[in-house]
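Residue numbers (this note's numbering): 6 to 166.
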């Protein structure tokens, strides 16, 4: 068990859906393996859109409307979930930037909307890779505190402790 996470009891992850995607695969795989790393910590996934899970989940999976009052750290994984997380009462909020949505999306003209989320200091930013980190820092003039590849659970737990 990781010594630094002994006080952490649970954490939540907000996703768009749990269907077939690399993000869903990594999140579900890593949380399924959580008992091997820290058996006393519960991971819970909250989705915006119901899909058949890409893998069987050995933990709670619920609609995002149930996440508002959850205790413990909360990790958003998309712009839409990060936008919702801004209004949650959670004391520890993280935005794991898996995808650079403002580059690939149709909302490219909505910079102010993205800026509101990326520059909000109540969210700690976690980038998926060093190139993502550099792009985020350049686009929003904000330091990205952490880089974690493929939602690596050991690294995530060290960050959210």
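We treat Cβ as the ideally placed atom computed from N, Cα and C, and that holds for glycine.
Predicted, not measured: the structure shown is a model, and the values here were computed from it.
Provide the residue span of the beta strand (DSSP E) that contains residue i, from first to last.
i: residue 15; result: 15-20
i: residue 167; result: Because the chain spans 6 through 166 in this model, residue 167 falls outside it and cannot be assessed.
i: residue 56; result: Looking at the DSSP string, residue 56 is not in any beta strand (DSSP E), and its letter there is neither H nor E.
i: residue 149; result: That residue, residue 149, is in no beta strand (DSSP E); it is neither H nor E in DSSP.
i: residue 129; result: 128-132
i: residue 81; result: 79-81
Whole angstroms is fine: what's the gap from residue i's alpha carbon to residue j's?
i: residue 156; j: residue 162; result: 10 Å
i: residue 91; j: residue 101; result: 14 Å
i: residue 166; j: residue 149; result: 18 Å
i: residue 136; j: residue 81; result: 20 Å
i: residue 46; j: residue 144; result: 35 Å
i: residue 99; j: residue 131; result: 7 Å
i: residue 164; j: residue 151; result: 8 Å
i: residue 15; j: residue 116; result: 34 Å
i: residue 160; j: residue 154; result: 9 Å
Out of the options, which has the shortest C-alpha to C-alpha gap to residue i?
i: residue 69; options: 123, 58, 52, 56; result: 52
i: residue 30; options: 16, 131, 56; result: 56
Please state whether the Cβ-Cβ distance between residue i and residue j is less than 8 Å.
i: residue 64; j: residue 79; result: no
i: residue 85; j: residue 129; result: no
i: residue 72; j: residue 33; result: no
i: residue 89; j: residue 19; result: yes
i: residue 48; j: residue 39; result: yes
i: residue 87; j: residue 50; result: no
In terms of residues, what are the limits of the alpha helix (DSSP H) holding residue i?
i: residue 120; result: 116-123
i: residue 46; result: Segment: none, residue 46 is in no alpha helix (DSSP H) and carries neither H nor E.
i: residue 36; result: 27-37
Could you please give me the residues that DSSP links to residue i through a beta bridge?
i: residue 68; result: 52
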